[in-house]
Amino acid sequence: MILPNRSGFFGDFGGKFVPETLMAPLDELERAYRVARKDRAFGRELDLLLKNFVGRPTPLTEVKRFGELCGGVSLFLKREDLNHTGAHKINNALGQALLAKRMGKARIIAETGAGQHGVATATACALLGLECVVYMGEVDMARQELNVFRMRLMGAEVVPVASGSRTLKDAINEAIRDWVTNVGTTHYIIGSVLGPHPYPMIVRDFQAVIGREALAQLRRETGREPDVAVACIGGGSNAIGLFYEMLKRSSIRLIGVEAGGRGPGLGDHAARFEGGALGVLHGTRSMVLQDAHGQIAETHSVSAGLDYPSIGPEHAYYQGTKRIEYHSCDDALALEAFHRLSETEGIIPALESAHAIGWLMRNGETLGTGSLVVANLSGRGDKDVPQVAVMEGREP
Amino acid sequence: MNRTFAHLKKEGRCGLVAYVTCGDPGVDATVEIVLALAEAGADAVELGIPFSDPIADGPVIQAASWRALERGTTIDDVFAVARRVRAKSDVALIAFSYLNPIMRYEVDRFAANAAAAGIDSLLVTDLPPESAAGARQALKSRGLGIVFLLAPTSSDARVRLVDRSSDGFIYYVSTTGVTGARRDLDAKLVTRLEAIRGQVSKPLAVGFGISKREHYEALEDKCEAVVVGSAIVRAIADGEPSGAAERAAAVVRGILGRG
């Protein structure tokens, strides 16, 4: 079965729930993408950029000392943090920027939460000579100042979003409003496997390189496939990127880790599978954190990149089929993992990625000593150092 | 809805559809405002259900939705408004919403309670006809219609789909963008309307950006109705709550030239 289906659904999830103005442009985007995907020249151009500009393939690093803290599993980290710009986001941003160029769109817009997707998009636009506007919530701008400066350095305009909770959700609202206004000249690079069809498919395809590389590297290093793969999930692009090639290998346990925030109350976390209900947000049908009246809930996570009330529709589908398990890791455990990985391995993880390895610290022993585990280190933590220092009462 | 447009045709005039965000500045105030709009000459009123993430709306309606939600306005409050208006007026009432609150309310229950409240039709900004079969059936079984939109970007195939699917009339979005009053109409709007006129069988109500008499005069021979939203919502917000209904009515009278 090929997912999504022709209407853009993954089972009951996904689809295209947008104002009429965007319906025909989404069809146009899908057509352009399907043609590009079959075009060898497009594939070669992207592969070359991934190799010589981004630095792919990213390494796979065995972390023995940290593995001891995770119940003695044999743990390998897929080092997306070593990509140019410091996270997996560049895989998708470059792919979509090339696609936009092919479609003759000279202006790019994007939303960003932690700033990593905004930085990746600003980078791709600088490289390809495209105009770039990034929408970012004011709260996120304050906690990710460094990334705001990086985007501006590369010539992007960063537009502060002051509505709603002033985080990722509101940045997407503003980006959609821009797109609906400027759709003739502008391509919207969504940063995760979210939004209306064909975005969840396009972003997944551009991120699937993560899992393809990881499987090949593990085979080379260990002679076998992993028993378990783990990734954190905001929208879910680094997770689907790692898992996609593994979905059909049923012996691999796939585990997605949502943000447990500061507690189980609505508004205190971003664990959509623990507190969400079926809904439609930002053009896609999925599990959505919302109140009894269908108003979208505010969310909380120490990590800006996971702070979002909905989840990619493909994840909602695989939660239903149980092919992927979903768990959560709270702020405190993620912060502990942030420190432990830094101390034991000399790798400072992004707070987002710290949720995946935090879950492993707590639950690794249930996987069995010596299990072969691969975790996606989706981003580096340099951007989070000032925030953590402030939270812990130290000068950054 | 059909009756409203048949009536307009008989009278040979271009109608006016007014939009209000229910619950701003309060539920009682909304009842008064809707009655005043009808009295001022509005042929239909869209009852806006406030939503936390209104992606198709500009700053004026975003702010009104936010205020209405701060006051705790719910779908049941919107139905209460409809019931109280219906007791005094037969103005056509269209519930105007984003999809998520209706999903949460459950579409069958929504259709039943909307019909009981005297609502005639539903328009859902982010529900295109290809995903609306279930909702359409649920509404139809209660005697309610559903209105779909066309936009400047709509392809010929979509124009045919919307013409087939929309009940009573088609909402034509005048320009690419979000809701909000604009100084001038989109320069290509009249040409587009002339082209679309030949492609559809249903009446056209043109909205987005329409806020003054000149706009109405430019469009009255090109469509069956205009939709006025942000200009009314702004007038409601712009002053003491006690004068809101009169300010809203003045916008409608001004546009219809009855001032």
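Those protein sequences? They're chains U and Y, same order as listed.
The end of the first sequence is residue 395 by numbering that gives the first Met the number 0, with every number in the run present.
The end of the second sequence is residue 258 by numbering that gives the first Met the number 0, with every number in the run present.
Each residue gets a CB set at the ideal place from its N, CA and C atoms; glycine is no exception.
As the structure is a computational prediction, the values presented were derived from the model and not from experiment.
_Same chain only: Cβ atoms within 7 Å of E344 of chain U, ignoring 5 sequence neighbours per side_ = Here residue 344 of chain U corresponds to residue number 345 of the first sequence, with the count starting at 1. Same-chain partners within the cutoff: V62, R64, F65.
*Which first and last residues belong to the beta strand (DSSP E) in which A141 of chain U is found?*
Translated into the one-based positions of the first sequence, residue 141 of chain U becomes position 142. For A141 of chain U, no beta strand (DSSP E) run applies; the uninterrupted alpha helix (DSSP H) run containing it begins and ends at 137-142, by DSSP.
*Taking 8 Å as the CB-CB cut-off, is M245 of chain U touching chain Y?*
Translated into the one-based positions of the first sequence, residue 245 of chain U becomes position 246. No, because no Cβ of chain Y sits closer than 8 Å to the Cβ of M245 of chain U.
*Which listed residue (U:D329, U:L350, U:R165, U:E273) has its alpha carbon closest to that of D52 of chain Y*: Against the second sequence, residue 52 of chain Y aligns to sequence position 53. D52 of chain Y has its Cα closest to that of U:R165, out of U:D329, U:L350, U:R165, U:E273.
_Cross-chain neighbours of Q61 of chain Y in chain U, by beta carbon under 7 Å_ = Translated into positions along the second sequence, residue 61 of chain Y becomes position 62. Contact note: Q61 of chain Y reaches chain U through S162, using a C-beta cutoff of 7 Å and chain order.
*Determine the chain Y residues that contact L22 of chain U at a beta-carbon separation under 9 Å, and present them in chain order.*
In the first sequence, the residue the question calls residue 22 of chain U occupies position 23. Reading the sequence as shown, one finds Met at residue 22 of chain U and not Leu. Ordered by position in chain Y, the residues that pass the 9 Å Cβ test against M22 of chain U are P127, E129, A150, T152, S153, S154, R157.
*Would you list, in chain order, the members of the region 103-126 of chain Y that have their beta-carbon closer than 8 Å to a beta-carbon of chain U?*
Listed by position, the residues of the region 103-126 of chain Y near chain U (Cβ gap below 8 Å) are R103, Y104, T124, D125, L126.
*Three-state secondary structure (DSSP) at G278 of chain U?*
To locate residue 278 of chain U, count along the first sequence from 1; it is residue 279. G278 of chain U falls in the strand class under three-state DSSP.
*asked:* I'd like to know whether the C-beta of T180 of chain U is nearer than 8 Å to at least one C-beta of chain Y.
replied: Residue numbering aside, residue 180 of chain U sits at position 181 when the first sequence is read from its first letter. It does; some Cβ of chain Y falls within 8 Å.
*Just curious, the alpha helix (DSSP H) that A213 of chain U is in, first and last residue?*
As a working note, residue 213 of chain U is residue 214 in the first sequence. Start and end: 208-221.
_For a test of the three-state rule: what should DSSP assign to E391 of chain U, helix, strand or coil?_
Walking along the first sequence from the start, residue 391 of chain U turns up at place 392. Coil at E391 of chain U, not helix or strand.
*Is the CB of H292 of chain U under 8 Å away from at least one CB in chain Y?*
The sequence position of residue 292 of chain U within the first sequence is 293, counting from 1. Yes, H292 of chain U lies at the interface with chain Y (some Cβ there is under 8 Å from its Cβ).
_Between the CA atoms of A349 of chain U and R33 of chain U - distance to the nearest angstrom_ = Locating residue 33 of chain U in the first sequence gives position 34, where the first residue counts as 1. Locating residue 349 of chain U in the first sequence gives position 350, where the first residue counts as 1. Cα to Cα, R33 of chain U sits roughly 33 Å from A349 of chain U.
*If we count Cβ pairs, one from each stretch, closer than 8 Å, do we get three or more for the region 199-207 of chain U versus the region 172-182 of chain U?*
At 8 Å Cβ cutoff, the stretches do not touch.
*In chain order, what residues of the same chain lie with their CB nearer than 7 Å to the CB of V33 of chain Y, ignoring the 5 residues before and after it?*
Stepping through the second sequence from its first residue, residue 33 of chain Y is reached at position 34. Excluding five sequence positions before and after V33 of chain Y, the CB atoms of its chain that fall closer than 7 Å to its own CB belong to V19, V44, V80, V84, given in chain order.
_Is the separation between the beta-carbon of L143 of chain Y and that of A113 of chain Y shorter than 8 Å?_
Translated into the one-based positions of the second sequence, residue 143 of chain Y becomes position 144. Translated into the one-based positions of the second sequence, residue 113 of chain Y becomes position 114. Going by C-beta atoms, L143 of chain Y is nearer than 8 Å to A113 of chain Y.
_Span separating the alpha-carbon of S173 of chain Y from that of L15 of chain Y_ = Residue mapping note: residue 173 of chain Y aligns to position 174 of the second sequence, counting from 1. Residue mapping note: residue 15 of chain Y aligns to position 16 of the second sequence, counting from 1. Spanning the two alpha carbons is a distance of roughly 15 Å.
*Terminal residues of the continuous alpha helix (DSSP H) containing E244 of chain U?*
In the first sequence, residue 244 of chain U corresponds to position 245, counting from 1. Counting along the chain, E244 of chain U falls outside any alpha helix (DSSP H), and DSSP gives it neither H nor E.
*For the 8 Å Cβ check, are there 3 or more pairs between the region 302-318 of chain U and the region 178-189 of chain U?*
Result no; under three Cβ-Cβ pairs closer than 8 Å.
*Reducing DSSP to helix, strand and coil, say where T185 of chain U ends up.*
Position 186 of the first sequence, counted from the start, is the residue given in the question as residue 185 of chain U. For T185 of chain U, the secondary structure class from DSSP, reduced to helix, strand or coil, is strand.
*Provide the residue(s) that pair with I323 of chain U in DSSP beta bridges, ordered along the chain.*
The count along the first sequence starts at 1 and reaches residue 323 of chain U at position 324. BP columns for I323 of chain U point to U:L253.
*Under 8 Å between beta-carbons, which chain U residues line up against L98 of chain Y? List them in chain order, please.*
Reading the second sequence from its first residue, position 99 is the one you call residue 98 of chain Y. Ordered by position in chain U, the residues that pass the 8 Å Cβ test against L98 of chain Y are F16, V279.
*When DSSP builds the beta bridges, which residues end up paired with N146 of chain U?*
The residue you call residue 146 of chain U lines up with position 147 of the first sequence. The secondary-structure analysis by DSSP pairs N146 of chain U with nothing; it has no beta-bridge partner.
*Among residues of its own chain, excluding the 5 on either side of I254 of chain U, which ones have a beta-carbon nearer than 6 Å to its beta-carbon?*
Translated into positions along the first sequence, residue 254 of chain U becomes position 255. Cβ neighbours of I254 of chain U beyond the five flanking positions: V229, E324.
*Integer-rounded CB distance, given that F4 of chain Y should sit under 8 Å from F147 of chain Y*: Stepping through the second sequence from its first residue, residue 147 of chain Y is reached at position 148. Stepping through the second sequence from its first residue, residue 4 of chain Y is reached at position 5. With 8 Å as the limit, F147 of chain Y and F4 of chain Y do not qualify as a contact, their Cβ atoms being about 15 Å apart.
*Please list the partners that R176 of chain U has in chain Y, where partner means a Cβ-to-Cβ separation under 7 Å.*
In the first sequence, the residue the question calls residue 176 of chain U occupies position 177. Ordered by position in chain Y, the residues that pass the 7 Å Cβ test against R176 of chain U are I54, V177.
*Who pairs with E110 of chain U in a beta bridge, going by DSSP?*
Locating residue 110 of chain U in the first sequence gives position 111, counting from the first residue. DSSP, once it has assigned bridges, lists U:Y134 as partnering E110 of chain U.
*With 8 Å set as the bound, which would you pick, yes or no: does the beta-carbon of I74 of chain Y sit closer than that to a beta-carbon of chain U?*
Reading the second sequence from its first residue, position 75 is the one you call residue 74 of chain Y. By this cut-off, I74 of chain Y is an interface position.
*Based on the DSSP secondary-structure assignment, which residues constitute the bridge partners of P159 of chain U?*
Residue mapping note: residue 159 of chain U aligns to position 160 of the first sequence, counting from 1. P159 of chain U is bridged to U:M135.
*C-beta neighbour in chain U for V172 of chain Y, strict 8 Å*: The residue labelled residue 172 of chain Y in the question sits at position 173 within the second sequence. By the rule that beta-carbons nearer than 8 Å mark a contact, V172 of chain Y touches chain U.
*At which residues does the beta strand (DSSP E) containing F75 of chain U begin and terminate?*
Working through the first sequence from its first residue, we reach residue 75 of chain U at position 76. Here the beta strand (DSSP E) through F75 of chain U covers 73-78.
*Rounded to the nearest angstrom, how far is the Cβ of I347 of chain U from that of D381 of chain U, given a contact under 8 Å?*
The residue given as residue 347 of chain U occupies position 348 in the first sequence. The residue given as residue 381 of chain U occupies position 382 in the first sequence. Contact between I347 of chain U and D381 of chain U holds, since their C-beta atoms are separated by about 7 Å, short of 8 Å.
*In three-state terms, what does DSSP make of G208 of chain Y?*
For this step, residue 208 of chain Y is matched to residue 209 along the second sequence. DSSP places G208 of chain Y in coil when its eight states are reduced to three.
*Per-residue contacts from S51 of chain Y into chain U (C-beta, under 8 Å)*: Here the question's residue 51 of chain Y lines up with position 52 in the second sequence. The contacting residues are G163, Q294, I295.
*Determine whether the Cβ of N4 of chain U lies closer than 8 Å to any Cβ atom of chain Y.*
In the first sequence, the residue the question calls residue 4 of chain U occupies position 5. Taking CB atoms only, N4 of chain U has no neighbour in chain Y less than 8 Å away.
*In the region 21-48 of chain Y, which residue ranges form an unbroken beta strand (DSSP E) of at least 3 residues, counting only runs that do not cross its ends?*
43-47, all fully within the region 21-48 of chain Y.
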